[in-house]
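Here is the structure we will look at, set down as structure tokens.
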Amino acid sequence: IRRGITAMIFLVVIITIPLGIIMNDIIQKGREDQTIQLVLKESELLENYSDLEIDRSRAKGQLFISATVRSADPLSQEDVNELDLALESALGHPVTLDVITLPSIQSD
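All residue numbers for the sequence shown refer to the numbering used here, where the first residue is 637 and numbers rise by one.
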């Protein structure tokens with residue numbers, strides 16, 4: 637009986653450790669996504685823009701963020717750099733931000 641209990645505890649530990657690591661990674665990515673959305677949606681630079689869509693990916697340890705917005709006017713390079721710095725400050729690590737502005741013109 638002791639062997640069975642020991643084997644069962646060992647099996648539970650072997651299963652629990654990877655699940656804990658995976659859950660931790662999922663939680664960290666979720667927090668990162670929330671921070672990205674909050675920084676971009678609350679930014680005064682994107683006040684007059686609509687339909688914000690955010691995609692993120694990682695490659696070689698670098699976080700790439702692509703934000704697509706609709707507007708009559710494109711963002712300047714200075715504005716994109718300011719958003720990039722705000723994201724880096726909020727996330728605590730370097731990011732590469734790509735902002736895609738789709739033309740959106742409404743009739744009078």
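No residue lacks a Cβ here, since even glycine has one placed at the ideal position from N, Cα and C.
Because the structure is a prediction, the values reported are computed rather than measured.
- [ ] Would you mind stating whether ILE690 and LEU733 have Cβ atoms separated by less than 7 Å?
- [x] No.
- [ ] For the segment 650-659 and the segment 707-718, state whether three or more C-beta atom pairs, one from each stretch, are separated by less than 8 Å.
- [x] The segment 650-659 vs the segment 707-718: no contact.
TODO: Leaving aside the five residues before and after SER686 along the sequence, list all residues of the same chain whose C-beta is less than 6 Å from its C-beta, in chain order.
DONE: ARG706
Open item on the list: Which residue marks the beginning of the alpha helix (DSSP H) containing SER686, and which one marks its end?
Closed with: Premise fails: SER686 lies in the beta strand (DSSP E), 686-695, not in any alpha helix (DSSP H).
Open item on the list: Beta-carbon within less than 6 Å of SER693's beta-carbon, same chain only, minus the 5 sequence neighbours each way: which residues are those?
Closed with: PHE700
Task: Buried or exposed (CB count within 10 angstroms, at least 16 for buried), ILE672 - done: buried
Task: Integer Cβ distance of SER679 from LEU719, believed to fall under 8 Å - done: The Cβ separation is near 6 Å, so the contact holds.
- [ ] Might you give, ordered along the chain, the residues of its own chain that have their beta carbon closer than 8 Å to the beta carbon of GLU724, omitting 5 neighbours on each side?
- [x] Only PRO730, VAL731 meet the Cβ criterion.
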